[in-house]
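Quick note on numbering: the sequence shown equals residues 645 to 745 in this note's numbering. Okay, structure first, notes after.
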Amino acid sequence: MLDARDSVEYGNGHIPGVTNIHCKKFYNELGEMAEPDQIKKIFAEHGIDLNKRIVSSCLTGMTGSVDYTAGKLAGAQDISVYDGSFKEWSKHPENPVEKSL
Numbered sequence: 645m646l647d648a649r650d651s652v653e654y655g656n657g658h659i660p661g662v663t664n665i666h667c668k669k670f671y672n673e674l675g676e677m678a679e680p681d682q683i684k685k686i687f688a689e690h691g692i693d694l695n696k697r698i699v700s701s702c703l704t705g706m707t708g709s710v711d712y713t714a715g716k717l718a719g720a721q722d723i724s725v726y727d728g729s730f731k732e733w734s735k736h737p738e739n740p741v742e743k744s745l
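Written as structure tokens, this is what we have:
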């Protein structure tokens with residue numbers, strides 16, 4: 645599972661076990677989506693196997709769609725966005741929340 649938020653938002657609370665890859669990492673210096681080979685490298689550097697199921701998240705699901713799009717461009721077949729993401733997750737007191745300030 646991915647979390648596309650910046651390190652401050654992520655540190656304030658996230659779903660345990662998610663990998664934080666800020667969505668801006670997938671853009672080049674011109675503000676365009678990076679090339680698929682560069683995107684694959686970023687996922688690999690974070691230990692994400694594009695051949696396994698991937699769920700992208702953020703605070704509400706909007707920023708997570710960038711990581712989702714990057715995954716699709718890199719060839720991930722089984723990738724989705726957790727609609728509602730951390731905001732929805734944290735509404736349920738039984739769900740654990742991790743902080744890394």
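No residue lacks a Cβ here, since even glycine has one placed at the ideal position from N, Cα and C.
Discussion item. Measuring straight from C-alpha to C-alpha, what distance separates Glu689 and Thr663?
Written reply: 11 Å
Worksheet item: Thinking just about the alpha-carbon of each residue, which of Val725, Ile692, Thr713, Val652 is nearest to the one in Ser700?
Response: Val725
Fill in: Coil, strand or helix - Thr663 by DSSP
strand
Worksheet item: Helix, strand or coil for Ser709 per DSSP?
Response: helix
Worksheet item: What does DSSP give as the partner residues of Glu604 in its beta bridges?
Response: As shown, the chain starts at 645 and ends at 745. That puts residue 604 outside it, with no answer to give.
Fill in: Meets three-Cβ-pair contact criterion under 8 Å: the stretch 673-680 and the stretch 727-737
no
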